[in-house]
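Each residue of the sequence shown is one higher than the last, beginning at 1 in full-length UniProt numbering. In what follows, a structure is listed as structure tokens, so that the remarks can point back to it.
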Amino acid sequence: MNSSQSSFTDLNNWALFYQNLQLIEPEKLSSKLKLHFKTIPDFNDFIKLYESSKIGSNDTWSVNEELFLQLIVLSLNPRCIKNRFDWEKVQKLMPKHRSLSELCFKFQSFYKALLPRQPWSCFEDKTLLQIILDNPSRCKKKWSAISNQYNLICKSEIQRNAKQCRERWNNKLDPQINREPWSKSEELNFLQLLLQNGRKWAEISIKLSMITKYRRRTEFALKHKFKQLKKYYGQKAKRSSDVQICPYWSTMEAEMIGYKIELLQEKTRKCQTQEYSFCEFLGSDHEFCLVIIKNGCLIKL
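As structure tokens, then:
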């Protein structure tokens, strides 16, 4: 930790720094930023704010630390002009040590008009994929650490936060994502889980993957499939179902899904009756013959 991050050892230097805060115009900036202050605190309150910001865990940001970050950044860049942020200097002035990417992204989160969503490039995808695959304990991912490492490697103006990295992995990059066409049996299992669990897409994704040999459908794919099935099967006559029903469903929705399950069960049974398999059979004369099996029964030699 830097000496400047331990206490106000040189009040004269901080007094000179505090003078820059008088250039801030909170009323103008409030249209662009979600400020934690309406007026600039006096010097004594500024010192107290610094000391109070050192208290607490480094994992989470306190309101006082966020407020102090706003004052520090705006004192160095009073009009909040893009590309004029000296994050290394901000880092030295903060009461706690924060990485450059942490500081940058935290300040970005104060903007009222969020930066436009930028598509991921091939380089970004490869970088994120490599970071996760190189992590020996990737089953227990700490997305904040992954996003920090990613931003340090990419060195891009576009800072990706933990949520963006997690969603990109879960919806696009994970090698276990199942992109194969849906089978009737998988649709049936999906609807049964949906009826039992409600619209808990993440939970359904995990449970369905256990049935499909850990090939995972994304939450987006599950939502899209449900909309497809809802449109394809329509809302016809209501029938009861022996599948456990989640209390979050209305009676109409539960009956509709139960009806779709019965239709899928009928379709699945029809498909099974038309399945054939072939194998070689060694006859009594020690010659191989071709055997046709339908529905588990020998039907032709």
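Glycine residues also receive a C-beta, built at the ideal position from the N, C-alpha and C atoms.
Inspect the beta-carbon positions of S75 and N20 and report whether they are closer than 8 Å.
Within the sequence shown, numbered from 1, the residue matching residue 75 stands at position 75. Within the sequence shown, numbered from 1, the residue matching residue 20 stands at position 20. Taking 8 Å as the Cβ cut-off, S75 and N20 qualify as a contacting pair.
Can you give, in chain order, each stretch of the alpha helix (DSSP H) that sits fully within the segment 63-101 and has at least 4 residues?
Listed in chain order, they are 63-76, 87-93.
Sequence-distant residues of the same chain with beta carbon closer than 8 Å to N13, five excluded per side
Locating residue 13 in the sequence shown gives position 13, where the first residue counts as 1. So no residue of the chain qualifies.
Nearest residue (CA-CA) to H97, options W61, I206, E27, N161:
Along the sequence shown, one-based indexing puts residue 97 at 97. It is W61 whose Cα lies nearest to the Cα of H97.
Under three-state DSSP, which class holds I261?
For the purposes of this step, residue 261 is identified with residue 261 of the sequence shown, where counting begins at 1. Helix, per DSSP.
Residues near Y150 by beta carbon distance below 7 Å, same chain, minus five either side
Walking along the sequence shown from the start, residue 150 turns up at place 150. So the qualifying residues of the chain are T127, L128, I131, R160, C165.
Can you tell me the Cα-Cα spacing of F17 and F220, whole angstroms?
Translated into positions along the sequence shown, residue 17 becomes position 17. Translated into positions along the sequence shown, residue 220 becomes position 220. Near 49 Å, if we compare the C-alpha coordinates of F220 and F17.
In whole angstroms, give me the CA-to-CA distance for S209 and Y248.
Numbered from 1 along the sequence shown, position 209 holds the residue referred to as residue 209. Numbered from 1 along the sequence shown, position 248 holds the residue referred to as residue 248. Take the alpha-carbon of S209 and the one of Y248: they are about 23 Å apart.
Cβ distance (whole Å) where L193 is taken to contact I261 below 8 Å
Working through the sequence shown from its first residue, we reach residue 193 at position 193. Working through the sequence shown from its first residue, we reach residue 261 at position 261. The C-beta distance from L193 to I261 rounds to 11 Å, too long to meet the 8 Å contact threshold.
If you run the structure through DSSP and keep just helix, strand and coil, what is L229?
Looking up residue 229 in the sequence shown gives position 229. The answer is helix: DSSP assigns L229 an H, G or I state.
Between I245 and the rest of its own chain, which residues show a CB-CB distance below 7 Å, the 5 nearest in sequence each way excluded?
Position 245 of the sequence shown, counted from the start, is the residue given in the question as residue 245. Answer for I245: L195, A254, listed in chain order.
Entirely within the UniProt domain "Myb-like" (112-173) and at least 4 residues each: give me those alpha helix (DSSP H) ranges in chain order.
The UniProt domain "Myb-like" (112-173) contains these whole alpha helix (DSSP H) runs: 122-134, 143-154, 162-168.
Between S109 and chain B, is there a C-beta pair that is closer than 8 Å?
Protein chain content of the structure displayed is limited to a single chain, and chain B is not contained in it.
What span of residues does the alpha helix (DSSP H) with I206 cover, start to end?
The count along the sequence shown starts at 1 and reaches residue 206 at position 206. Per DSSP, I206 is one residue of the alpha helix (DSSP H) stretching across 201-211.
Three-way DSSP call (helix, strand, coil) for S240 in this model
If you number the sequence shown from 1, residue 240 lands on position 240. Unreliable placement is indicated for S240, whose pLDDT of 49 sits below 50; no coordinate value is reported for it.
Which residues DSSP lists as bridging L33, in chain order
Locating residue 33 in the sequence shown gives position 33, where the first residue counts as 1. For L33, the beta-bridge partners assigned by DSSP are Y111.
Are I146 and Q118 touching if we call contact CB-CB under 8 Å?
In the sequence shown, counting from the first residue as 1, residue 146 sits at position 146. In the sequence shown, counting from the first residue as 1, residue 118 sits at position 118. No; because the gap between Cβ atoms is not below 8 Å, this pair is not in contact.
Assuming I211 contacts N189 (C-beta within less than 8 Å), just tell me the rounded distance between them.
Sequence index remark: in the sequence shown, residue 211 carries index 211 (1-based). Sequence index remark: in the sequence shown, residue 189 carries index 189 (1-based). Their Cβ separation, rounded to whole angstroms, is 5 Å, which keeps I211 and N189 in contact under 8 Å.
Is DSSP giving I55 helix, strand or coil here?
Numbered from 1 along the sequence shown, position 55 holds the residue referred to as residue 55. If DSSP states are grouped into helix, strand and coil, I55 belongs with coil.
Beta-carbon spacing of K65, P95 below 8 Å:
Within the sequence shown, the letter at position 65 stands for residue 65. Within the sequence shown, the letter at position 95 stands for residue 95. Checking the sequence shown, residue 65 turns out to be Glu, not Lys. Yes, Cβ-Cβ distance for E65 and P95 is below 8 Å.
Along the chain, where does the alpha helix (DSSP H) containing S250 start, and where does it finish?
Walking along the sequence shown from the start, residue 250 turns up at place 250. Careful: S250 lies outside any alpha helix (DSSP H) and carries neither H nor E.
Given a cut-off of 8 Å on the beta-carbon distance, is the pair N148 and S99 in contact?
As a first step, residue 148 is located in the sequence shown; it is residue number 148 there, counting from the start. As a first step, residue 99 is located in the sequence shown; it is residue number 99 there, counting from the start. In contact: N148 and S99 (Cβ atoms closer than 8 Å).
Which residues DSSP lists as bridging I177, in chain order:
Reading the sequence shown from its first residue, position 177 is the one you call residue 177. DSSP output for I177 lists R216 as bridge partner(s).
What first and last residue would you give for the alpha helix (DSSP H) that runs through L21?
Walking along the sequence shown from the start, residue 21 turns up at place 21. For L21, no alpha helix (DSSP H) encloses it, and the DSSP letter there is neither H nor E.
Own chain residues within Cβ distance below 7 Å of L67, not counting five before or after
What you label residue 67 is simply residue 67 of the sequence shown in a count that begins at 1. A distance below 7 Å between beta-carbons, with the five flanking residues on each side excluded, links L67 to the following residues of its chain, in chain order: H36, F37, L49.
Checking 8 Å against the spacing of the C-beta atoms, do L33 and C104 come in under that value?
Translated into the one-based positions of the sequence shown, residue 33 becomes position 33. Translated into the one-based positions of the sequence shown, residue 104 becomes position 104. The criterion of a C-beta distance shorter than 8 Å is not satisfied by L33 and C104.
Using a threshold of 8 Å, state whether the C-beta atoms of E187 and L263 are closer than that.
Mapped onto the sequence shown, residue 187 falls at position 187. Mapped onto the sequence shown, residue 263 falls at position 263. Cβ atoms of E187 and L263: not closer than 8 Å.
Coarse secondary structure for I40, derived from DSSP in three states
Within the sequence shown, residue 40 is the residue found at index 40, counting from 1. The DSSP-derived three-state label of I40 is coil.
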